[in-house]
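S.K.:
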Amino acid sequence: MAPASYIPISNTVCVMDASGSLGLNLVRRLLQRGYIVHAAVQPHGEVKGLKGLCDDHGKDRLKIFDCDLFDYQTILEALKGCSALFYKFQLPHDQPEYDEYTADIEVRAAQNVLEACAQMDMIDKVIFTSSATTILWREDRKAMSSELDERHWSDVGFCRKFKLWHALSKTLAEKSAWALAMDREISMVTINAGLLVGSDLSIRHPYLKGAAEMYQDGVLVTVDLNFLLDAHIHVFEDISTYGRYLCFNNVINRPENAIKLAKILMPSASVQAQSFQEDGKMIQQRISNKKLKEVLVEFESHPVDQDQLIISN
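Here the sequence shown stands for residues 1298 to 1610, where the numbers follow our numbering.
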């Protein structure tokens, strides 16, 4: 049985923040599917790619908004007339790295955005981009008999103890968003994405803190941009979607896969299989994206070639 299609109050949706690779390509995919898009960009965000899309689709289909996540009025302006919001937190321009204080910033931004959605009568659905790191980190993870999935949460005390600032920030922000969504009766789904692999990925990505442990635990997962876009579009358009969706399409659990990822992260370095596992055997996968795979079965994807994707640093 095919999933029920989403019938929005309005054909206008908002993408916030729209300046990164995911945001830019979400804007383009939504335009291609006939939506009118409000592209909200934070201060100092890159708008060159958006302006190119505006030239292709006209200002009547794509509107660009300056949006400060700590200025409530600018959030409301971007959301005005929209029936849905795609939200992904981007670090402020003046704080390029995750640290012990980032969680406070990300939580406050999530709260502002969800509160604004609650004030907009037309907002029918929020697609909140989170991270797989909100699931991976807990003291008892090696002793668990079941695979990690959407039912699990990273332990914030564990994250603080080992300075896993990205996981801490994403976990607290997503929990805060869920609390507000339930209190304000906002329909929300989250995409808990694995490490997004692209030409702009580097060893400095905050997701990679603890990568060696993730690999040994069988939970180091990555996602291609096309797959991540499909997941966002489908959970938006299918009215049966609910809750959290762990999103990845590759598990790094073989030395050859680990070497391939390492070469992307460190192109000039010489990496050997022994760096990952002495006996060269495959590590058992201990993480599942079954829930997402089940809803994507009948989704008609229209992927584009990797070199046609819009890449933003």
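Where is the CB? At the ideal position from N, CA and C, for every residue including glycine. Bear in mind the structure is a predicted one, so any value in this text is a computation, not a measurement.
1) Apply the 10 Å Cβ neighbour rule to Ser1427 and answer buried if 16 or more other Cβ atoms are within range, or exposed otherwise.
2) Based on Cα-Cα distance, which residue from Asn1546, Cys1456, Ser1316 and Ala1400 lies nearest to Lys1587?
3) Consult DSSP for Ser1499 and reduce its assignment to one of helix, strand or coil.
4) Please report the distance separating the alpha-carbon of Leu1505 from that of Ile1361.
5) Which ranges does the alpha helix (DSSP H) cover as unbroken runs of at least 4 residues, wholly within the region 1434 to 1496, from first to last along the chain?
6) Would you call the region 1397 to 1404 and the region 1431 to 1441 in contact, with 3 or more CB pairs under 8 angstroms?
7) Compare the C-alpha of Asp1314 against each of Asn1322, Asn1308 and Ser1307 and name the closest.
8) Enumerate, from N- to C-terminal direction, the unbroken beta strand (DSSP E) stretches of 3 or more residues contained entirely within the region 1493 to 1558.
9) Indicate whether Val1520 and Ser1473 have their beta-carbon atoms separated by less than 8 angstroms.
10) Going by the DSSP bridge assignment, what does Asp1313 pair with across the sheet?
11) Going by DSSP in three states, Ile1402 sits in which element: helix, strand or coil?
12) Would you say Trp1475 and Phe1455 are within 8 angstroms of each other, going by their C-beta atoms?
13) Work out the CA separation of Met1511 and Arg1358 for me, nearest whole Å.
14) May I have the straight-line CA-CA distance separating Leu1328 from Tyr1542, to the nearest angstrom?
15) Does the distance from the C-beta atom of Gly1495 to that of Leu1522 stay below 8 angstroms?
16) Using only the alpha-carbon positions, how far apart do Asn1308 and Leu1373 sit?
17) Taking the straight line between their C-alpha atoms, what separation do you get for Gln1387 and His1341?
18) Once you ignore the five residues that flank Asp1514 on each side, which residues in its own chain have a CB closer than 7 angstroms to its CB?
19) Using only alpha-carbon positions, find the residue among Arg1481, Ser1443 and Val1518 that is nearest to Leu1411.
20) Measuring CA to CA, which of Leu1319, Ala1555, Asp1368 and Gln1339 is closest to Leu1493?
21) Just the C-alpha distance for Leu1376 and Ala1413, rounded to the nearest angstrom, thanks.
22) Leu1347 by DSSP, collapsed to three states: which one?
23) So Met1485 packs on Phe1425, CB below 8 angstroms; how close in whole Å?
24) Secondary structure at Lys1356, three-state DSSP: helix, strand or coil?
25) Quick one: give me the first and last residue of the beta strand (DSSP E) that Gly1422 is part of.
26) Cβ atoms of Met1419 and Ile1500: under 8 angstroms apart, would you say?
M.R.: Per the coordinate set shown:
1) Here residue 1427 refers to the residue found at position 130 when the sequence shown is read from its first residue. Flag for Ser1427 reads buried.
2) Sequence index remark: in the sequence shown, residue 1587 carries index 290 (1-based). Comparing Cα-Cα distances from Lys1587 to each of Asn1546, Cys1456, Ser1316 and Ala1400, the minimum goes to Asn1546.
3) Here the question's residue 1499 lines up with position 202 in the sequence shown. It is coil, neither helix nor strand.
4) Sequence index remark: in the sequence shown, residue 1505 carries index 208 (1-based). Sequence index remark: in the sequence shown, residue 1361 carries index 64 (1-based). The alpha-carbon atoms of Leu1505 and Ile1361 are separated by roughly 32 angstroms.
5) 1453 to 1458 and 1462 to 1481
6) no
7) Here residue 1314 corresponds to residue number 17 of the sequence shown, with the count starting at 1. The candidate whose alpha carbon is nearest that of Asp1314 is Asn1322.
8) 1518 to 1521 and 1540 to 1544
9) By 1-based counting over the sequence shown, the position of residue 1520 is 223. By 1-based counting over the sequence shown, the position of residue 1473 is 176. No, Cβ-Cβ distance for Val1520 and Ser1473 is not below 8 angstroms.
10) Here the question's residue 1313 lines up with position 16 in the sequence shown. One detail in the question is off: residue 1313 reads as Met in this sequence, not Asp. Answer is Ala1337 and Tyr1384, bridged to Met1313.
11) Here residue 1402 refers to the residue found at position 105 when the sequence shown is read from its first residue. The answer is helix: DSSP assigns Ile1402 an H, G or I state.
12) If you number the sequence shown from 1, residue 1475 lands on position 178. If you number the sequence shown from 1, residue 1455 lands on position 158. No, they are not a contact pair.
13) The residue labelled residue 1358 in the question sits at position 61 within the sequence shown. The residue labelled residue 1511 in the question sits at position 214 within the sequence shown. Cα-Cα distance, rounded: 42 angstroms.
14) The residue labelled residue 1328 in the question sits at position 31 within the sequence shown. The residue labelled residue 1542 in the question sits at position 245 within the sequence shown. As the crow flies, the alpha-carbon of Leu1328 is around 24 angstroms from that of Tyr1542.
15) In the sequence shown, residue 1495 corresponds to position 198, counting from 1. In the sequence shown, residue 1522 corresponds to position 225, counting from 1. Yes. Within cutoff.
16) As a working mapping, residue 1308 is identified with position 11 in the sequence shown. As a working mapping, residue 1373 is identified with position 76 in the sequence shown. Between Asn1308 and Leu1373, the C-alpha separation is close to 18 angstroms.
17) Along the sequence shown, read from residue 1 onward, the residue named residue 1387 stands at position 90. Along the sequence shown, read from residue 1 onward, the residue named residue 1341 stands at position 44. Using only the alpha carbons, I get a separation of about 11 angstroms.
18) Position 217 of the sequence shown, counted from the first residue, corresponds to residue 1514. Cβ within range, chain order: Arg1438, Lys1439 and Arg1583.
19) Your numbering for residue 1411 matches position 114 in the sequence shown. Here the closest residue by C-alpha is Arg1481.
20) Counting from one through the sequence shown, the residue named residue 1493 turns up at place 196. Leu1493 has its Cα closest to that of Leu1319, out of Leu1319, Ala1555, Asp1368 and Gln1339.
21) Translated into the one-based positions of the sequence shown, residue 1376 becomes position 79. Translated into the one-based positions of the sequence shown, residue 1413 becomes position 116. Computed Cα separation, rounded: 8 angstroms.
22) Here the question's residue 1347 lines up with position 50 in the sequence shown. Here Leu1347 sits in helix by DSSP.
23) For the purposes of this step, residue 1485 is taken as the residue at position 188 of the sequence shown. For the purposes of this step, residue 1425 is taken as the residue at position 128 of the sequence shown. Rounded, the Cβ-Cβ distance is 6 angstroms, consistent with contact.
24) Here residue 1356 refers to the residue found at position 59 of the sequence shown. If DSSP states are grouped into helix, strand and coil, Lys1356 belongs with coil.
25) As a first step, residue 1422 must be located in the sequence shown, where it is residue number 125. Per the sequence shown, residue 1422 should be read as Lys rather than Gly. Looking at the DSSP string, the run of the beta strand (DSSP E) that includes Lys1422 is Lys1422 to Ser1428.
26) Translated into the one-based positions of the sequence shown, residue 1500 becomes position 203. Translated into the one-based positions of the sequence shown, residue 1419 becomes position 122. Cβ atoms of Ile1500 and Met1419: not closer than 8 angstroms.
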